[in-house]
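Asker: My structure is below; once you've seen it, I'll send some questions.
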Amino acid sequence: MVSDGDGTPAERGVVLRGTGGVWVVRTATGEREAALRGRLKQETGSKLAVGDDVMLASDGAGGSWVIEEILPRRSVLARRTPGGGYGERIVVANVDQVIVVFAAAQPEAHPRMIDRFLVIAEANELGAQVVINKIDLVDAAVARERFADYARAGYGVHFTSVRTGAGLPELHAALVGRTSAVSGPSGVGKSSLLNGLYPGLNLRVGAVSDAVQKGRHTTVGAWLHPLPDGGFVADTPGLREVGVWGLSAGALDRCFPEFGPYRGTCRFADCTHRVEPGCAVRDAVTRGDVSAARYDSYLRLFAELANDS
Ligand SMILES: Nc1nc2c(ncn2[C@@H]2O[C@H](COP(=O)(O)OP(=O)(O)OP(=O)(O)O)[C@@H](O)[C@H]2O)c(=O)[nH]1
Ligand SMILES: [Mg+2]
Ligand SMILES: [Zn+2]
Numbered sequence: 001m002v003s004d005g006d007g008t009p010a011e012r013g014v015v016l017r018g019t020g021g022v023w024v025v026r027t028a029t030g031e032r033e034a035a036l037r038g039r040l041k042q043e044t045g046s047k048l049a050v051g052d053d054v055m056l057a058s059d060g061a062g063g064s065w066v067i068e069e070i071l072p073r074r075s076v077l078a079r080r081t082p083g084g085g086y087g088e089r090i091v092v093a094n095v096d097q098v099i100v101v102f103a104a105a106q107p108e109a110h111p112r113m114i115d116r117f118l119v120i121a122e123a124n125e126l127g128a129q130v131v132i133n134k135i136d137l138v139d140a141a142v143a144r145e146r147f148a149d150y151a152r153a154g155y156g157v158h159f160t161s162v163r164t165g166a167g168l169p170e171l172h173a174a175l176v177g178r179t180s181a182v183s184g185p186s187g188v189g190k191s192s193l194l195n196g197l198y199p200g201l202n203l204r205v206g207a208v209s210d211a212v213q214k215g216r217h218t219t220v221g222a223w224l225h226p227l228p229d230g231g232f233v234a235d236t237p238g239l240r241e242v243g244v245w246g247l248s249a250g251a252l253d254r255c256f257p258e259f260g261p262y263r264g265t266c267r268f269a270d271c272t273h274r275v276e277p278g279c280a281v282r283d284a285v286t287r288g289d290v291s292a293a294r295y296d297s298y299l300r301l302f303a304e305l306a307n308d309s
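Residue numbers for the sequence shown follow this note's numbering, beginning at 1 and rising by one.
This is the structure in structure tokens:
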């Protein structure tokens, strides 16, 4: 415990979740419920988010805690505010990486949907890893081939099964000590994976509670779960619509890391890599150096984003 200027006891903590103005903050000595100091609420740009590092102060009487200060953020997973206003809505602060979870079957992963999640991570300048779960339901060699594009594009890819335990040690190693935003469609096994890695988490599996949040995710906040061996994982519902992430069509090419070696060498500096002559990205696709399927995702998302604005 340290002391602030007034001699009031102060503690540093991480915001785990919040409802109705009450925030749960984890400090070195436990979890505390705290309200945001009124002065902080008014200041522009100081909206509190799950994942924020904060300074807490006790009211002295030993009862309630107040969030006195939001410490500078290392990163944010943020979307444009709904309704087109300026500013942003932070889904999780201080995220180190996005873990995009899909299933090899039941429900079968759609690679074009995986690309959407990866683009959102890239647009937020966050690292991403891909998890293909339920590998027990398919031929593992076929699945590895089917999702080979992601490893080729430079992403970490984990093939896992909660049923057999396959791939779990490697996924565990990828989570320890970091703050990860876990996302993916309903039913792919996100909660099952986290329970498999950390039985103490006791997340609900196959629950309707998560599913009913679909369509309401502009108001449903993320939850940050502390991991027993260091780090945090956040459930982040509703990551899939790229349109709300404040991304312009012209910036989309930077969200495909494997285009990187080529996009600077197109004939036109403002090449959109669709129809322009002398496009080095398209040439790389023709040669097979860039995945045609990933390029196809680029074209679809470009059209979507161009229509949005
Ligand atoms: N065969 C098989 N089934 C799995 C595996 N992982 C999870 N399941 C099953 O898949 C179903 C959905 O799992 P959940 O963990 O609830 O999925 P989720 O991604 O958390 O879903 P939401 O919370 O709705 O987003 C459950 O019936 C699990 O038992 C796996 O590796 N193999
Ligand atoms: Mg779940
Ligand atoms: Zn080009």
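Note that the Cβ used here is the ideal one computed from N, Cα and C, for glycine as well.
Can you give the Cα-Cα distance for residue 53 and residue 71, rounded to whole angstroms?
Answerer: Here residue 53 refers to the residue found at position 53 when the sequence shown is read from its first residue. Here residue 71 refers to the residue found at position 71 when the sequence shown is read from its first residue. Taking the straight line from one Cα to the other gives about 5 Å.
Asker: Any idea if residue 250 is buried or exposed, counting beta-carbon neighbours within 10 angstroms, 16 or more meaning buried?
Answerer: Stepping through the sequence shown from its first residue, residue 250 is reached at position 250. Exposed is the call here.
Asker: In whole angstroms, what is the alpha-carbon distance linking residue 78 and residue 99?
Answerer: Stepping through the sequence shown from its first residue, residue 78 is reached at position 78. Stepping through the sequence shown from its first residue, residue 99 is reached at position 99. Cα to Cα, residue 78 sits roughly 16 Å from residue 99.
Asker: Along the chain, where does the alpha helix (DSSP H) that runs through residue 96 open and close?
Answerer: Indexing the sequence shown from 1 puts residue 96 at position 96. Annotation: residue 96 is outside any alpha helix (DSSP H) and is labelled neither H nor E by DSSP.
Asker: Got a sec: does ligand 3 put a non-hydrogen atom nearer than 7 Å to the Cβ of residue 255?
Answerer: Numbered from 1 along the sequence shown, position 255 holds the residue referred to as residue 255. It does not: the Cβ of residue 255 is nowhere closer than 7 Å to a heavy atom of ligand 3.
Asker: Report yes if the C-beta of residue 134 is less than 7 Å from at least one heavy atom of ligand 2; otherwise report no.
Answerer: As a working note, residue 134 is residue 134 in the sequence shown. No - ligand 2 has no heavy atom lying nearer than 7 Å to the Cβ of residue 134.
Asker: I need the straight-line Cα distance from residue 23 to residue 48, nearest angstrom please.
Answerer: Position 23 of the sequence shown holds residue 23. Position 48 of the sequence shown holds residue 48. Each residue's Cα considered, the two are about 9 Å apart.
Asker: Where does residue 94 land, buried or exposed, given buried means 16+ other C-beta within 10 angstroms?
Answerer: Along the sequence shown, read from residue 1 onward, the residue named residue 94 stands at position 94. Burial call: buried.
Asker: Using DSSP with H/G/I as helix, E/B as strand and the rest coil, what is residue 133?
Answerer: Against the sequence shown, residue 133 aligns to sequence position 133. In this structure, residue 133 counts as strand in the three-state DSSP scheme.
Asker: How about residue 96 and residue 127: are their beta carbons less than 8 Å apart?
Answerer: To locate residue 96, count along the sequence shown from 1; it is residue 96. To locate residue 127, count along the sequence shown from 1; it is residue 127. The answer is yes: Cβ separation under 8 Å.
Asker: Would you tell me roughly how many angstroms separate the C-alpha atoms of residue 114 and residue 39, rounded to the nearest one?
Answerer: Working through the sequence shown from its first residue, we reach residue 114 at position 114. Working through the sequence shown from its first residue, we reach residue 39 at position 39. The alpha-carbon atoms of residue 114 and residue 39 are separated by roughly 41 Å.
Asker: Kindly list the residues whose CB is nearer than 7 Å to the CB of residue 215, restricted to its own chain and excluding five residues on each side of it in sequence; keep chain order.
Answerer: In the sequence shown, the residue the question calls residue 215 occupies position 215. With a pLDDT of 37 at residue 215, under the threshold of 50, the modelled position of that residue is not reliable, and no figure is offered here.
Asker: Can you find the residues in the same chain that come closer than 6 Å, C-beta to C-beta, to residue 211, ignoring five residues on each side of it along the sequence?
Answerer: Stepping through the sequence shown from its first residue, residue 211 is reached at position 211. Low local confidence applies: a pLDDT of 44 at residue 211 is under 50, so the model's placement there is unreliable, and no value is given.
Asker: Among residues of its own chain, excluding the 5 on either side of residue 177, which ones have a beta-carbon nearer than 6 Å to its beta-carbon?
Answerer: Translated into the one-based positions of the sequence shown, residue 177 becomes position 177. Excluding positions up to five away in sequence, the list reads 230 and 231.
Asker: By Cβ distance below 7 Å, which residues in the same chain neighbour residue 172 in space, the five residues on each side in sequence not counted?
Answerer: Position 172 of the sequence shown, counted from the first residue, corresponds to residue 172. The answer, listed in chain order, is 197.
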